[in-house]
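Notes to accompany the following structure.
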Amino acid sequence: MSVPVLTFFNNKGGVGKTSLVFHLAWMLSEMGKRVVAIDLDPQANLTSAFLSEDDLEILWDPDDISQRNSTIYQCVRPLTEVGDILAPQTQRISSRLHLVPGDLGLAGFEDFLSREWPDALGSGSLYRPFRILSSFWQVAQMAAGQHGADIILADVGPNLGAINRSALIGTDHVVIPLAADLFSLQGLRNLGPTLQTWREDWKKRVDNWSTPAFALPAGSMEPVGYILMQHSERLSRPVKAYNKWADRIPLTYQQAVLGRRASLNSQPIDANRLAKLKHYRSLVPMAQEVRKPIFQLSTADGAIGSHSYAVRDARTDFEALAVAILERIGPVPETS
Ligand SMILES: Nc1ncnc2c1ncn2[C@@H]1O[C@H](COP(=O)(O)OP(=O)(O)OP(=O)(O)O)[C@@H](O)[C@H]1O
Ligand SMILES: [Mg+2]
Numbered sequence: 000m001s002v003p004v005l006t007f008f009n010n011k012g013g014v015g016k017t018s019l020v021f022h023l024a025w026m027l028s029e030m031g032k033r034v035v036a037i038d039l040d041p042q043a044n045l046t047s048a049f050l051s052e053d054d055l056e057i058l059w060d061p062d063d064i065s066q067r068n069s070t071i072y073q074c075v076r077p078l079t080e081v082g083d084i085l086a087p088q089t090q091r092i093s094s095r096l097h098l099v100p101g102d103l104g105l106a107g108f109e110d111f112l113s114r115e116w117p118d119a120l121g122s123g124s125l126y127r128p129f130r131i132l133s134s135f136w137q138v139a140q141m142a143a144g145q146h147g148a149d150i151i152l153a154d155v156g157p158n159l160g161a162i163n164r165s166a167l168i169g170t171d172h173v174v175i176p177l178a179a180d181l182f183s184l185q186g187l188r189n190l191g192p193t194l195q196t197w198r199e200d201w202k203k204r205v206d207n208w209s210t211p212a213f214a215l216p217a218g219s220m221e222p223v224g225y226i227l228m229q230h231s232e233r234l235s236r237p238v239k240a241y242n243k244w245a246d247r248i249p250l251t252y253q254q255a256v257l258g259r260r261a262s263l264n265s266q267p268i269d270a271n272r273l274a275k276l277k278h279y280r281s282l283v284p285m286a287q288e289v290r291k292p293i294f295q296l297s298t299a300d301g302a303i304g305s306h307s308y309a310v311r312d313a314r315t316d317f318e319a320l321a322v323a324i325l326e327r328i329g330p331v332p333e334t335s
């Protein structure tokens, strides 16, 4: 049995994917789940959210032989020559949270993944194309196996390229963070059909390999729902414009992501909306400074006065979001 993979995805950039993975990985681990977070974005923002610059310097040192399997790219790079996937050396964030770090070098894997895609449908030897296309999932599962993880959370970059196609075929559940603006709505219209195509194309390839030599991801990419990032006054956009776009999301999501015909939503809150997430304002830089989730900020970190109430509210918000996600993805096995 493989460990479920949950990916936060939207090809629109800057909608809060990385921040959500960071906070939910922490929250789920505080709730008793064993979590592996994997950074599949070559920007490696998730990795720098978790690790200090000193740690990163060691991790990314090209001359340090002890770091040969310390990032996702290091683990898959042998595939570009004659080697196989390396088991990852993960970073321990807490007793129940481990990270497979990202790597700017991963960008160089994009073309390689792209070239292997047609070969997995060919009549030649399928071992290597499948090994390569499923490599992110294989590394994530190895990391989960090392730590007895219940769930894997993946962060990806904002595009529909070959790295993300490989990330998504290794994904069981997809959460879509959205802002209420034209770009997010447009992104949603591309995203839904792309997920559908990737699902079908992966299934065709798996069906074509009659005797797989190793476990493969199912590539189900089940949409869990969307998270609406709330209006920020700092963006100084009129609330009217926010409401205009927010009101269009439920139908666009149904049509583009769920492939359903438009139906009028009589519920006061859209059933596909997992949460409406606040803009946490000054708590954000405060938390980034100490590399903690907002809900762990203490008075020593500067969360005093009204900030301490905001920290408490953030804990409530992220707890509710984690519970909503767990409810929808079905039972995640408990560890003791
Ligand atoms: N709830 C929030 N309140 C305030 N700021 C937030 C919130 N969520 C994210 N941000 C900030 O918004 C910016 C973009 O967030 P983030 O990096 O998580 O987005 P992303 O979708 O991962 O971006 P990319 O597409 O570049 O990977 C960051 O500076 C982050 O700190
Ligand atoms: Mg990001």
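To convert, note that position 61 of the sequence shown is 60 in numbering that gives the first Met the number 0; the numbers rise steadily by one, no gaps.
Backbone N, C-alpha and C fix where the C-beta goes; we use that ideal spot for every residue, glycine too.
Query - A86 versus L58 - alpha carbon distance - result: 16 Å
Requested in this report: Quick one: which unbroken alpha helix (DSSP H) runs of 4-plus residues sit fully inside the segment 103 to 148? Chain order, please.
Outcome: 109 to 118, 126 to 132 and 134 to 146
**Report entry** Cut-off 6 Å between Cβ atoms - residues of its own chain near G15, not counting five sequence neighbours on either side
**Finding:** P176 and M228
Query raised in the report: So which residues touch the region around ligand 2, with touch meaning a C-beta under 5 Å from any heavy atom?
Result: K16, T17 and N44
Query raised in the report: If T6 sits next to V173, beta carbons under 8 Å apart, how far is it from one beta carbon to the other, in whole angstroms?
Result: 5 Å
Query raised in the report: In its own chain, which residues sit with a C-beta less than 7 Å from the C-beta of W152, not counting the 5 before and 5 after it?
Result: Checking the displayed sequence, the identity of residue 152 turns out to be Leu instead of Trp. Cβ within range, chain order: L5, V20, L23, A24, V34 and A36.
**Report entry** Distance between G169 and R260 (C-alpha atoms, nearest Å)
**Finding:** 28 Å
Query - Range of the contiguous beta strand (DSSP E) that encloses M228 - result: E221 to M228
Query - Pair within 8 Å by beta-carbon distance, F111 and T79 - result: yes
Query raised in the report: Which first and last residues belong to the beta strand (DSSP E) in which V173 is found?
Result: H172 to A178
Query raised in the report: V2 by DSSP, collapsed to three states: which one?
Result: coil
Query raised in the report: Are the segment 38 to 53 and the segment 314 to 323 touching, with three or more C-beta to C-beta distances below 8 Å?
Result: no
Requested in this report: Look at the Cβ atom of L39, then the Cβ atom of D154, and state whether they are nearer than 8 Å.
Outcome: yes
Query raised in the report: CA-CA distance, V322 and I328?
Result: 10 Å
Report task. Compute the minimum distance between the beta carbon of G258 and the heavy atoms of ligand 1, and state whether it is under 7 Å. Result -> no
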